[in-house]
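J.: Here the protein sequences line up with chains D and F, keeping their order.
Residue 336, in my numbering, is where the first sequence stops; the numbers in between run on with no holes.
Residue 1336, in my numbering, is where the second sequence stops; the numbers in between run on with no holes.
The beta carbon of each residue, even a glycine, is placed where N, CA and C say it ideally should be.
Number of protein chains: 2
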Amino acid sequence: MLDKINRQVHLLSRPQAMPALSNFEIRTTSVPSLKENEILVHSLYLSIDPYMRGRMAGRPFSHPPFELNACLIGKVIGTIVASNNIRFKKGELVRGRLDWADYSIVTDDQIEKITPYEDITLPTWLGVLGSPGMTAYFGILELGQPKAGETVVVTSAAGAVGSIVGQIAKIKGCKVIGITGSDTKVEYLTQQLHFDMALNYKKPNFAEDLKHCCDKGIDIYFDNVGGTITDLAMLHLNKFSRIVLCGQISTYNSEGPDVGLRHFRTLILKSATVKGLVVWDFKDRFEEAKIQLIQWMREGRLQSRENIIEGLDNAPKAFIDLFNGENIGKQLVKIS
Amino acid sequence: MLDKINRQVHLLSRPQAMPALSNFEIRTTSVPSLKENEILVHSLYLSIDPYMRGRMAGRPFSHPPFELNACLIGKVIGTIVASNNIRFKKGELVRGRLDWADYSIVTDDQIEKITPYEDITLPTWLGVLGSPGMTAYFGILELGQPKAGETVVVTSAAGAVGSIVGQIAKIKGCKVIGITGSDTKVEYLTQQLHFDMALNYKKPNFAEDLKHCCDKGIDIYFDNVGGTITDLAMLHLNKFSRIVLCGQISTYNSEGPDVGLRHFRTLILKSATVKGLVVWDFKDRFEEAKIQLIQWMREGRLQSRENIIEGLDNAPKAFIDLFNGENIGKQLVKIS
Chain D
1 MLDKINRQVH LLSRPQAMPA LSNFEIRTTS VPSLKENEIL VHSLYLSIDP
51 YMRGRMAGRP FSHPPFELNA CLIGKVIGTI VASNNIRFKK GELVRGRLDW
101 ADYSIVTDDQ IEKITPYEDI TLPTWLGVLG SPGMTAYFGI LELGQPKAGE
151 TVVVTSAAGA VGSIVGQIAK IKGCKVIGIT GSDTKVEYLT QQLHFDMALN
201 YKKPNFAEDL KHCCDKGIDI YFDNVGGTIT DLAMLHLNKF SRIVLCGQIS
251 TYNSEGPDVG LRHFRTLILK SATVKGLVVW DFKDRFEEAK IQLIQWMREG
301 RLQSRENIIE GLDNAPKAFI DLFNGENIGK QLVKIS
Chain F
1001 MLDKINRQVH LLSRPQAMPA LSNFEIRTTS VPSLKENEIL VHSLYLSIDP
1051 YMRGRMAGRP FSHPPFELNA CLIGKVIGTI VASNNIRFKK GELVRGRLDW
1101 ADYSIVTDDQ IEKITPYEDI TLPTWLGVLG SPGMTAYFGI LELGQPKAGE
1151 TVVVTSAAGA VGSIVGQIAK IKGCKVIGIT GSDTKVEYLT QQLHFDMALN
1201 YKKPNFAEDL KHCCDKGIDI YFDNVGGTIT DLAMLHLNKF SRIVLCGQIS
1251 TYNSEGPDVG LRHFRTLILK SATVKGLVVW DFKDRFEEAK IQLIQWMREG
1301 RLQSRENIIE GLDNAPKAFI DLFNGENIGK QLVKIS
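#1: For F:V1186, tell me which candidate among F:R1014, F:A1020, F:G1325, F:F1024 has the shortest Cα-Cα distance.
#2: Going by C-alpha to C-alpha distance, which of F:G1078, F:D1215, F:N1023, F:H1010 sits closest to F:W1125?
#3: With a threshold of 6 Å on Cβ separation, who are the neighbours of D:Q248 within its own chain once the five nearest residues in sequence on each side are excluded?
#4: Examine chain D for any beta-carbon lying closer than 8 Å to the beta-carbon of F:V1278, and answer yes or no.
#5: In terms of residue numbering, what span does the beta strand (DSSP E) encompassing F:G1074 cover?
#6: DSSP three-state label for F:G982, please.
#7: Counting only beta-carbon atoms, is D:M1 nearer than 8 Å to chain F?
#8: Between the region 1252-1281 of chain F and chain D, which residues of the former have CB atoms less than 7 Å from a CB of the latter, in chain order?
#9: Could you have a look at D:F195 and say whether DSSP puts it in helix, strand or coil?
#10: If I follow the unbroken beta strand (DSSP E) through F:L1245, where does it start and stop?
#11: Whole beta strand (DSSP E) runs in the region 83-140 of chain D with 3 or more residues, listed along the chain?
#12: Determine, using beta carbons only, whether F:G1162 comes closer than 8 Å to chain D.
#13: Mind listing the chain D neighbours of F:Q1110? Cutoff is C-beta to C-beta under 8 Å, in chain order.
#14: First and last residue of the beta strand (DSSP E) that includes D:R27?
#15: Taking the C-alpha atoms as reference points, what is the distance between F:G1096 and F:S1250?
#16: How should F:T1273 be labelled, buried or exposed, when 16 other C-beta atoms within 10 angstroms of its C-beta is the threshold for buried?
#17: With three or more C-beta pairs closer than 8 Å as the rule, is the region 259-266 of chain D touching the region 275-293 of chain D?
#18: Residues of chain D with a CB under 8 Å from the CB of F:L1226: which are they?
#19: Which residues of chain D have a Cβ atom closer than 8 Å to the Cβ of F:L1245, listed in chain order?
#20: If you drop the 5 nearest sequence neighbours on each side, which residues of the same chain put their C-beta closer than 6 Å to that of D:D209?
#21: If you drop the 5 nearest sequence neighbours on each side, which residues of the same chain put their C-beta closer than 6 Å to that of D:I309?
#22: Measuring only the C-alpha atoms, how far is D:Q292 from D:K170?
#23: Nearest-angstrom Cα distance between F:N1238 and F:E1025?
#24: Are any of the Cβ atoms in chain F nearer than 8 Å to that of D:Q248?
#25: Report the option in F:K1270, F:C1246, F:T1028 whose CA atom is closest to the CA atom of D:S271.
#26: To the nearest angstrom, how far is the alpha carbon of F:G1133 from that of D:Y221?
#27: Work out the CA separation of D:D321 and D:Y137 for me, nearest whole Å.
#28: Cβ of D:V106 within 8 Å of Cβ of D:V41?
#29: Mind checking who F:A1070 pairs with in its DSSP beta bridge?
#30: Leaving aside the five residues before and after F:P1065 along the sequence, list all residues of the same chain whose C-beta is less than 6 Å from its C-beta, in chain order.
#31: Assuming D:A315 contacts D:V31 under a Cβ cut-off of 8 Å, what Cβ separation, rounded to an integer in Å, is found between them?
#32: Indicate the three-state DSSP secondary structure (helix, strand or coil) for D:K379 in the structure shown.
#33: Hey, would you say D:R14 sits closer than 8 Å to D:A101, going by beta carbons?
#34: So, at 6 Å on beta carbons, what are the nonlocal neighbours of D:T190 in its own chain, with the 5 sequence-adjacent residues on each side left out?
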């Protein structure tokens, strides 16, 4: 029963600066027999996440480094195809930190069951109802503490987290400005997600445009990028503003430390607060967030958007594209 | 009655890098007659504060820039020698933002009365019971939120604010490590103020010493200096640590922006919080702080220390010495 062919995405070498296809290899193995308590999961969707860049580099960043010549591990949704575990049954839908592969063998502490709803698509469980949704929810609400009428600036605004952050801030009555990397995404943010404004940071007049948009200053800066965009935003902070540090994607491909403006004098002047966001700090409240996010989706106030690429073989390319700014919404790979 | 000679400290030119005596001049004027509601104050002590460097440079920093060829303004304690104001009487002790001069003419919104206590010296009203004390009190207690057993690192630890911060953290049961710039001050901190440890950042093995002292990591980093010392401290932050940004004296004499390590990735990794401290945000609670600080002084748990230089003529030198790390405790000038 278990003589299935299993394709796995292995890390061959640690990326130098931008990751390249040559850092990865698809290797084919067979699936071994299940031992006591083990469960065999067939992958349906892989979540492609920027934080994995740190693990590939060998830098410790929330998680330990990936091993070379071993299968990569990420968030995956799949179905159970065989189980020696009393708690999990064949056919059940699960989510967990699994292999980037057709099949993963896991124990019951690595997965959680998902109870599907008719009106919620499967990819949503890796997007609005997955880590990006939890990150956005607790980041903007708990760390950001938005008040109606305040100005919220969010970077990587068309990305998995940013697009949800902006929509929640709109629900809370804020003026929302999205910063993104293409005119297509600017249009998506303003036309589809109803952000008040959106700016393409690649435009030569971006600094001026940002100043113009933030004529009342910035109350919450939700930072997914770091670097020079963040330096510019710091110029417009209001008194008692909050900076939510979620990601620093502009620096993930740097080999050295991030050198640039230290913003500390500005932070003092503005009585500002900077808060580092680790979504797992809120894991006891994920269920509460899920219920609220589903309600907002059902009310039509929160849109889920995934960018789905077909085929496990394309997982390395999908990962590299994260850093090219190619994706709108959550980047996923659908396993054929 | 008002034909007194009044020496004033004027700003002649904006300092380039380190301030120099040539930036200042003592000018002598006469005291004009008091108009309606005006009050004449004779200065007793001037408070010499690092933040004034920003105002001299013409940089906006909490307060507008000082004008050239005009008298400098700072915190002063004095006695009223004449008054056309019904609320203030000759002989009363007052504190306010007054001229660096023998005499200031003020209105009643510029000064507050001080009710002296027998066991509290006058200089204490510009130290533990003045802005440094308020800054230390709200900075460590409200922004730092210290818990017993936590490790607190404070910079400029022998300075006006740092020495009070460390003593309050000790009262709250923390392990306190002071960073300072001379072996004399290291001894002062450990022997006189009973800090657990103190380090001289000018020693070649400072980075190693800091690592050794912070073997359990840093829970609160109280930052008066910024720059490379802060960069080093960031390496030792604990999960959920708090960085209180009070001053950045290492950068006040820089003409350009502060360039160096951006610490944002570390802050995310550690779910850390950085909070900019403006003491005036807490002005409604100054009375509460005063009562507590007096109680701690009377219990012998909090020492007040001022470095007093005699003579208005020496005010420019006293200011320059702030950046040479010459002072222990609050730097004051006593008017002869």
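T.: A quick look at the data gives this:
#1: F:G1325
#2: F:G1078
#3: G226
#4: yes
#5: 1073-1083
#6: Residue 982 of chain F lies beyond the residue range present for chain F, which begins at 1001 and ends at 1336; the question has no answer from this structure.
#7: Confidence in D:M1 is poor, its pLDDT being 47 and thus under 50, which makes the residue's placement too unreliable to answer from.
#8: Going along the region 1252-1281 of chain F in chain order, one finds P1257, D1258, V1259, G1260, L1261, R1262, F1264, R1265, L1267, I1268, L1269, K1270, S1271, A1272, T1273, V1274, K1275, G1276, L1277, V1278, D1281 with a Cβ nearer than 7 Å to chain D.
#9: coil
#10: 1237-1245
#11: 93-99, 103-106, 111-113
#12: no
#13: Simply none; closest approach about 23 Å.
#14: Here the beta strand (DSSP E) through D:R27 covers 24-30.
#15: F:G1096 and F:S1250: Cα-Cα distance of roughly 27 Å.
#16: buried
#17: no
#18: A small correction: the amino acid at residue 1226 of chain F is Gly; Leu does not occupy that position in the sequence shown. In chain order: R262, F264, R265.
#19: Within 8 Å Cβ-Cβ: F264, L267, I268.
#20: L199
#21: Around D:I309: A318, V333.
#22: 15 Å
#23: 48 Å
#24: yes
#25: F:C1246
#26: Their Cα atoms are separated by approximately 32 Å.
#27: 25 Å
#28: If you check the CB distance, D:V106 and D:V41 come in under 8 Å.
#29: F:A1070 is bridged to F:L1011.
#30: R1055, G1058
#31: So it is not a contact: roughly 19 Å between Cβ atoms.
#32: Absent from the structure is residue 379 of chain D, since the part of chain D shown begins at 1 and ends at 336.
#33: With a cutoff of 8 Å on beta-carbon distance, D:R14 and D:A101 are scored as not near each other.
#34: A198
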